[in-house]
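What follows is a short report on a single structure.
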Amino acid sequence: MSKIALLRTGVAPAILGAALISSAAMAQETAAGAAASDDVIVVTGSRIARRNLDTPAPIAVVGQEEFKLSGTVNVEQVINTLPQVIPGTTSFSNNPGGGVSTLNLRGLGETRTMVLVNGRRWMFYDASQLVDLNTIPTFLLQDVNVVTGGASAVYGSDALAGVVDFTLRKDLVGVEAGGQYNITGEGDGRRYEAYIAFGTELGDGRGHATVYGEYYNRSSIMQSGRSFSNEALGENDDSTGLIPGGSSTTPNGRFTSTLAAANCPTGNVFCSPGAYFTAPGVSRPRTAADLYNYAPDNYLMVPQERYLMGGYADYEVVDGHTAYTEVTFVNNRVANELAATPVTGTFNVNIDAVSSFLSASDVAALRQLDTSGTGVVPLSIQRRVTETGSRNSLDERNAFRFLVGMRGEITDKIGYDAYYSYARTRNSNIQAGNISRSAFQAGLDGSASAINIFGPNTLTPAMVDQISILAQNGDVSTLQVANASINGSLFNLGMGADDVGFALGGEYRKMASEFIPDTALSSGDVIGFNAGDPTAGSYNVKEIFAELRVPIAAHQPGIELLEVNGAARYSDYSLGNVGGVWAYSAGATYAPIRDITFRGQYQRAVRAPNVSELFGGQAVGFPTAVDPCAQASAATDTTIRDLCIATGVPTTAVGTAGVQINSQIQGLFGGNPDLREETSDSYTAGVVLRPSFVPGLSITADWYNITVKNAISTLGGGLGNSLNLCYNVIQDINSAYCQAFVGARNALGQFDGEVPPAILNANVGKLEVEGIDVELNYSKPLDFALLGDGQSRISFNFMGTYTIKNNITPVADLPDEVNECAGKFGVLACGNPTPKYKWTSRLSWIDGPLTTSVRWRHLSSVRDDDPDSLYFVEKIPSYDQFDLSFSLDVTETFNMSLGMNNMFNKKPKILGFNQEQANTYPGTYDVLGRDFFVSGRLKF
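Numbered according to this note's numbering, the sequence shown spans residues 765 to 1704.
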């Protein structure tokens, strides 16, 4: 098929959407034309990177076969194994969670990765304008294309780290139905899927239509279901061992006087460290071992139920002009479950009101603390309200997307494509297990019926009803896109190469989101899940774009191929602080001989702030962080000690572990309407080897460097890093980073959540990643077979990344304060592990109808990111996992696959205080154990 024919039939837009020019058509043509030659890599059961051999920017392609052989229903399970990806929110994200699956390319953040379906923007799920991968029909995937580097010149805002494009099959004729069942070796975590799709030609081949439906159900696994996660672990005093840990907020209750140690009566049980009730009304001084094991009540794998249906069609209404449409509807329900609500804060206690719940000695001790003589004493209270049961948050999302367009010919060399799409997602969130802070206070100060919180299981059903809140919120997000472009070829330079190709067009987008919390959540009168203010906002952008591909010469002495390309896009945002911005790119490809190709590209990309970052109301979050004032070294470092005192820590408490009551510190986060755009500069350079003397072999190696400036983040890069900047780096009480913590501590110097520190959004920092991607594909026929016709084939694919640099500069004004995250993990700044070496490889043997395949996934070792804190586990060793699968074409119309992931039952490394959740990093390291699957697909 000629290049012009490809453009006319709409193959070119399949990869780069309406903005694509003939370079993609060339990529398609090369792959399709080469398929008949002996040099082509066609690897069944492997990740096949064919088109990346012919483009200036590296493109990795994950084929449909990979999803089948890996036993995958949700796309996250395959995409997160790619070396280019650091896991975002996954099915193992319970706290924090949200019931979604997101994608984080190069570790630059989910908001900087653009997700497309069929080359076009997909629907997002909330005000952060992120795509939930759960809404993409895996069973209809043709392939997934991962493009490295900024791509705003082609796609517009958000493509700073790169683009991931999910291409759906368009060739289905007849009926295809199937299902899959997964279960772990522990007998839990059942997952099952059933789907059906109908495809047919229309009007004697003038068009095609596909409709489909899917049902998916995933059972939960509790942290109690695995030996490594059934107990919340802590560390001993010198971090030489792991010990049973957990939360200091227990069902027994901890009650501490707010009087300074010097003023608290000697021997009073309520003086620090406080009274701990071993039985109803019976107390003793609290000890460090009085902790609550919250782990068993948390999900390890969150449950999910999904209904997905939709269709797409095209029809040539008149010769050379084709109308097309796409419709999708998704109902997705995911729950998160946490241990019962921990109530913390300073409350006024009316002694007479609660005296019937206390022993005479405890009543007398309270009266000793009544220095005002009012009969009311303030106490710092920690009480886990287990009488309400676990906290449960149920998200139900209904997402709808509709697209209609027209493409066709203007001349025999120029075509057009125009479309409009509308997407809307509505989420309903219901929260059970919340406690009303005001009702809790009223039950203690005598203004309402008294509540008994002095000991375990002391709250009666009536008391539980009195203080409980069933909270709920909703959010609505919409995306409108109108795009029109022309593309085609212009002229030929006459040196054996293709015609010069171009594209020119314009796009309009409008993004809008609204978060609607109920009265309890918006007022902040809620303990348990996160309170938050209402959020509403929208903005639009008008864009023009152009691309040019110039093939200079081909098939000449010393020049097998030489071409250059460029692209530019001007975007005019309705946001005053963003306004008009440019994105642009330039690249070149040179092959001196057929066996070797050099390629390189530069791209300037732009990301406008999203609705949540701009207009998000203030909401409470619970990140893991380390309070420097609770470290023993704070007591001996004069500067840190003075800062701790200045920010509210009592002199005698500085450097004591009691200052930090939990590993999570409650913070207040929210939007900033004065944000500016982020910009990135991406450089890629690589080589492609296809040696003619080794048929079936291709090797690619690509260097990349991406720098993001004016990075939007929470103040200081997050609460944990803001603490570090205040107390260990800037060390100035007047700095914004220290002022965030002034007034946020209680009388004991603790962050108890009653006045959480405000860590709001800002254009504060810089991000930089650098590395080398390597991919190897090899396929070789074998002159023997067990089931075939005398021949079989072996294929091997290797895809790996060496991360040279992954740097976070949280404050641009402090360029020397850099968090180097390559080969690191931790709670200070880096979060999920970023191995320096990461690879996925697959070896397959294709013998007639049977494919036998082994996959090997490797993560190199990583070290903790905090040089000033000593943890029991400072280094997570390298991690290797092996998977085995079989795929059998039982008949021409029925295929059956089965397999076992993590066949050696590799366990994650168990961590202490520097974990994410479940004593490890469950998005990075396998927490299911040995996992089995069986699937079938029938065509008729």
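Note that CB positions come from ideal geometry on N, CA and C, so glycine has one too.
Note that the coordinates shown come from a computational prediction; the quantities given were computed from them, not determined experimentally.
Kindly identify the DSSP beta-bridge partner or partners of residue i.
i     : result
V1081 : In DSSP, V1081 forms no bridge with anything.
V1472 : S1444, L1531
D1336 : K1306, G1344
D1653 : N1659
G1351 : N1329, Q1365
G1700 : G943, M1660
E965  : H972
G1412 : Partner(s): none; G1412 has no beta bridge.
E999  : L1006
I1316 : Note: I1316 sits in no beta bridge, so no partner.
M1227 : According to DSSP, which records beta bridges pairwise, M1227 is partnered with nothing at all.
K1544 : I1558
A1087 : Y1079, M1170
N1583 : I1572
N981  : Y956, E1069
For the beta strand (DSSP E) holding residue i, just list the boundary residues, first then last.
i     : result
R732  : Nothing can be reported for residue 732: it is not among the residues displayed for the chain, which extend from 765 to 1704.
K1602 : 1601-1611
T1283 : Not the beta strand (DSSP E): T1283 falls in the alpha helix (DSSP H), residues 1283-1287.
L867  : 867-869
F1379 : Note, F1379: premise wrong, no beta strand (DSSP E); alpha helix (DSSP H) at 1375-1379.
F1111 : 1106-1114
S1559 : 1556-1573
F1433 : 1431-1433
L880  : 877-881
R1627 : 1626-1628
T836  : No beta strand (DSSP E) contains T836, which DSSP labels as neither H nor E.
G827  : 823-827
For residue i, tell me which candidate among the options has the shortest Cα-Cα distance.
i     : options                    : result
V908  : D1496, Q893, N1666, L880   : L880
E1442 : A1526, G1450, T1388, K1639 : A1526
L1254 : G1179, P1015, G942         : G1179
L872  : A1475, A1087, P1686        : A1475
T1317 : I1497, A1352, L1614, V842  : One detail in the question is off: residue 1317 reads as Ala in this sequence, not Thr. A1317 has its Cα closest to that of A1352, out of I1497, A1352, L1614, V842.
T1014 : Y1058, P1613, S1624        : Y1058
N1193 : S1624, R1161, T1222, S984  : R1161
N946  : S834, L867, A1417, N1659   : S834
L1706 : V825, A1024, S1154         : Residue coverage of the chain in this structure runs from 765 to 1704, which leaves residue 1706 outside it and unanswerable.
Y1643 : K1671, F1658, S1651, D1653 : K1671
N1032 : T964, D1126, D1116, S1011  : D1126
Q828  : L1551, I1610, T931, G1219  : T931
Residue i lies in the alpha helix (DSSP H); which residues open and close that run?
i     : result
V1066 : Segment: none, V1066 is in no alpha helix (DSSP H) and carries neither H nor E.
V1245 : No alpha helix (DSSP H) holds V1245; the beta strand (DSSP E) holding it covers 1232-1253.
I843  : 840-843
A925  : That residue, A925, is in no alpha helix (DSSP H); it is neither H nor E in DSSP.
S1486 : 1483-1488
V918  : 916-919
L905  : First-last for L905: 905-912, but that is the beta strand (DSSP E), not the alpha helix (DSSP H).
K1588 : Counting along the chain, K1588 falls outside any alpha helix (DSSP H), though it belongs to the beta strand (DSSP E) covering 1588-1590.
A1500 : 1500-1503
Using a Cβ-Cβ cut-off of 8 Å, state whether residue i counts as contacting chain B.
i     : result
I1233 : Given the protein chain composition of this structure (a single chain), no chain B is represented.
Residue ranges of each alpha helix (DSSP H) within the stretch 1118-1200, 4 or longer = Fully enclosed alpha helix (DSSP H) runs of 4 or longer: 1124-1132.
Decide yes or no for the touch test of the stretch 1389-1404 against the stretch 1370-1379: beta carbon pairs closer than 8 Å, at least 3 of them.
-> No, they do not touch.
Does the stretch 1535-1550 come close enough to the stretch 1462-1479 that 3 or more CB-CB pairs lie under 8 Å?
-> A contact exists between the stretch 1462-1479 and the stretch 1535-1550.
At least three beta-carbon pairs within less than 8 Å, the stretch 1548-1560 to the stretch 1588-1599 = Fewer than three pairs of CB atoms, one per stretch, sit closer than 8 Å, so the stretch 1548-1560 makes no contact with the stretch 1588-1599.
Touch test, the stretch 1059-1072 against the stretch 844-861, Cβ-Cβ under 8 Å, three pairs minimum | Three or more beta-carbon pairs separated by less than 8 Å link the stretch 1059-1072 to the stretch 844-861, which places the two stretches in contact.
Assess, as a yes-or-no matter, whether the stretch 1012-1019 is touched by the stretch 949-969 under the definition of 3 or more beta carbon pairs within less than 8 Å.
-> No, the stretch 949-969 does not touch the stretch 1012-1019.
Within the chosen definition, does the stretch 1675-1695 reach the stretch 980-997 through at least 3 CB pairs nearer than 8 Å?
-> Three or more beta-carbon pairs separated by less than 8 Å link the stretch 1675-1695 to the stretch 980-997, which places the two stretches in contact.
Are at least three pairs of beta-carbons, each pair with one atom in the stretch 1379-1386 and one in the stretch 1289-1309, less than 8 Å apart?
-> In this structure the stretch 1379-1386 lies against the stretch 1289-1309, because at least three pairs of beta carbons, one per stretch, are closer than 8 Å.
Are the stretch 1331-1351 and the stretch 1297-1312 touching by the rule of at least three beta carbon pairs closer than 8 Å?
-> Judged by Cβ distances under 8 Å, the stretch 1331-1351 makes contact with the stretch 1297-1312, as three or more pairs qualify.
Starting from the N-terminal side, write out each stretch of the beta strand (DSSP E) that is 3 residues or longer and does not extend beyond the stretch 1006-1044.
-> Runs found: 1006-1008, 1018-1021, 1039-1043.
Is the stretch 1181-1198 close to the stretch 885-892, with three or more CB pairs under 8 Å?
-> Yes: at least three Cβ pairs fall under 8 Å.
Validate contact between the stretch 1156-1173 and the stretch 888-905 using beta carbons, cut 8 Å, 3 pairs = The stretch 1156-1173 vs the stretch 888-905: in contact.
Does the count of Cβ pairs from the stretch 1118-1125 and the stretch 921-935 closer than 8 Å reach three?
-> The stretch 1118-1125 is not in contact with the stretch 921-935.
Does the count of Cβ pairs from the stretch 953-960 and the stretch 912-921 closer than 8 Å reach three?
-> Verdict: no, contact absent.
Touching or not, the stretch 1474-1492 and the stretch 1510-1530, by the rule of three or more beta carbon pairs under 8 Å?
-> Yes: the two stretches touch, three or more of their Cβ pairs being nearer than 8 Å.
Cβ pair count under 8 Å reaching 3, the stretch 1212-1229 against the stretch 1268-1287 = No, the stretch 1212-1229 does not touch the stretch 1268-1287.
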